[in-house]
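Undergrad: This structure is in C-alpha cells; I'll ask about it shortly.
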Amino acid sequence: MRKSGVILICRHKSFMIHSIQNHLERNHYKVVQVPPQMKDIEEVKDTSDIIIVYLDSMLENLPNLEVYLKDLCIEFEKSLVLIGDHMELQNADGYFPPGIIAAKLERPLDINHMMNVIMKIEYQNREGTRKKNIMIVDDDSTFLKMLNEWLSEDYQVTMATSGMQALTYLAKNTVDLILLDYEMPLLDGPSVLAMLRNEPTTATTPVMFLTGKDDRNSVLQVMGLKPEGYLLKSMDKERILSSIEEFFTLQKIARLTT
0 MRKSGVILIC
10 RHKSFMIHSI
20 QNHLERNHYK
30 VVQVPPQMKD
40 IEEVKDTSDI
50 IIVYLDSMLE
60 NLPNLEVYLK
70 DLCIEFEKSL
80 VLIGDHMELQ
90 NADGYFPPGI
100 IAAKLERPLD
110 INHMMNVIMK
120 IEYQNREGTR
130 KKNIMIVDDD
140 STFLKMLNEW
150 LSEDYQVTMA
160 TSGMQALTYL
170 AKNTVDLILL
180 DYEMPLLDGP
190 SVLAMLRNEP
200 TTATTPVMFL
210 TGKDDRNSVL
220 QVMGLKPEGY
230 LLKSMDKERI
240 LSSIEEFFTL
250 QKIARLTT
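Rendered as C-alpha cells:
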C-alpha cells in the first residue's frame, strides 16, 4: 500500500541522495526530487505533505529559499525535514521560526533512523497532530510566562513583550494565531492589529485579544475591531485551552467546507 509522497530538495545528485530515495521508495513512499528553485518546488508542492531538504550549504547560497519554504510549510501545513552537518543544522534555527522544522537529521546519516522519523511524521500528519504556532504579545512578563507554560504542551509558542517586537518578528515569520494584549504602553493592541491588517503578509493572520476587562462596553469595544475573538486574562487554564482548541477546530471545518 503506497504511503504519502515525499518532496526531496537537493542541489546535486549523489550516492547519498540516491540511497535516501531508494530507501523511501522501498518503504512505499513516492519520491519527487527537485532542485532548490522556487518555481520547481511550486510545481510539485501539492504532491506531498513532507519536504526533505538536503542542505549542502543551500540556505546560505539561496537567501530567498528559506522564506519561501517557511511560508509554504505554514500556509499548507507541510512538515520540513532538514538533513545536514552539525553546523548547517545549528544555523537553520536562524532561518526558520519555532515549529517549522519537523526534524533535523545530522550527517553522516543513519538511514534507518531517517525512515523512523519520516514514518512518525507521516502518522502525525495523518492524525492531524502537527503543533500550531501561537504568538503571545503581552508586556506583563508574569502573565506571559504563565500563558507560555499553559500552551507549550500543545502548541509551539513564540513570545513578544511589546507590539513593536511582535511586528518586527511577524515581518519575517508567520504564525497560526496571535494572542494580543489589548492594553500595552506605547503601542497598544488595537494599533498593532491595525498595522497587521495593513500588511499583505499579516492581513489574514488570526488575532485574539487578551483583555482584563469583561464589562459589556469593554467587550463591545474589543469586538468592534473584528478580531477572531478575545480571551479574558481571568480565565483559567482549561477555559483558555478549550477556547483556542475550538478556534482551530472551527477554522479547520471552514477550510474543508469552502
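Residue numbers for the sequence shown follow numbering that gives the first Met the number 0, beginning at 0 and rising by one.
Where is the CB? At the ideal position from N, CA and C, for every residue including glycine.
No experiment lies behind these values; they were computed from the predicted model shown.
I'd like the ranges of any alpha helix (DSSP H) spanning at least 4 consecutive residues and lying wholly in the region 87-152.
TA: If we require 4 residues or more, the alpha helix (DSSP H) runs fully inside the region 87-152 come out as 110-126 and 140-150.
Undergrad: For E87, does the count of other Cβ atoms within 10 angstroms reach 16, so buried, or fall short, so exposed?
TA: E87 should be labelled buried.
Undergrad: How about V261 and L79: are their beta carbons less than 9 Å apart?
TA: The question about residue 261 has no answer, for the chain in this structure spans 0 to 257.
Undergrad: What are the boundary residues of the beta strand (DSSP E) that T167 is part of?
TA: Here T167 belongs to no beta strand (DSSP E); instead the alpha helix (DSSP H) covers G162 to L169.
Undergrad: Could you tell me the distance, in whole angstroms, from the CA atom of I252 to the CA atom of G93?
TA: Their Cα atoms are separated by approximately 34 Å.
Undergrad: Any contact of the region 108-115 with the region 130-141, i.e. 3+ C-beta pairs under 8 Å?
TA: Touching, no, given that fewer than three Cβ pairs across the two stretches are closer than 8 Å.
Undergrad: If we count the other Cβ atoms within 10 Å of its Cβ and call it buried at 16 or more, is K44 buried or exposed?
TA: K44 comes out buried.
Undergrad: Which of the three DSSP states, helix, strand or coil, is assigned to K232?
TA: DSSP places K232 in coil when its eight states are reduced to three.
Undergrad: Return the residue from the list T173, L195 and L219 that minimises the CA-CA distance to I99.
TA: It is T173 whose Cα lies nearest to the Cα of I99.
Undergrad: Where does V52 fall in DSSP's three states?
TA: DSSP places V52 in strand when its eight states are reduced to three.
Undergrad: May I ask you to report which of helix, strand or coil DSSP gives L249?
TA: Residue state, collapsed to three classes: helix.
Undergrad: Could you give the first and the last residue of the continuous beta strand (DSSP E) run that contains L209?
TA: Unbroken beta strand (DSSP E) run through L209: V206 to T210.
Undergrad: Ends of the beta strand (DSSP E) at S13?
TA: Careful: S13 lies outside any beta strand (DSSP E) and carries neither H nor E.
Undergrad: When you compare only the Cα positions, how much space is there between S190 and Y181?
TA: Roughly 9 Å separates the two Cα atoms.
Undergrad: For a quick check, are the C-beta atoms of S47 and I19 less than 9 Å apart?
TA: No. Outside cutoff.
Undergrad: Taking K12 as the reference, give the member of E41, E245, H27 and D55 with the closest Cα.
TA: Checking every option, the nearest Cα to that of K12 belongs to D55.
Undergrad: Can you give me the Cβ contacts of N147 inside the same chain, cut-off strictly under 7 Å, excluding the 5 residues immediately before and after it?
TA: Taken in chain order, the residues that qualify are I135, V156 and M158.
Undergrad: Alpha carbon to alpha carbon, how far is L209 from T232? Give it in angstroms, no decimals.
TA: The sequence shown places Lys at residue 232, not Thr. Cα to Cα, K232 sits roughly 6 Å from L209.
Undergrad: I need the boundaries of the beta strand (DSSP E) containing D70, first residue and last residue.
TA: Where D70 is concerned, there is no enclosing beta strand (DSSP E), although the alpha helix (DSSP H) it sits in stretches over L64 to E74.
Undergrad: Going by Cα to Cα distance, which pick from A165, N132, S161 and T141 is closest to L151?
TA: According to the sequence displayed, residue 151 carries Ser and not Leu. Comparing Cα-Cα distances from S151 to each of A165, N132, S161 and T141, the minimum goes to N132.
Undergrad: So, at 6 Å on beta carbons, what are the nonlocal neighbours of R1 in its own chain, with the 5 sequence-adjacent residues on each side left out?
TA: Bear in mind that a pLDDT of 42 at R1, under 50, signals an unreliable position, so the model cannot answer this.
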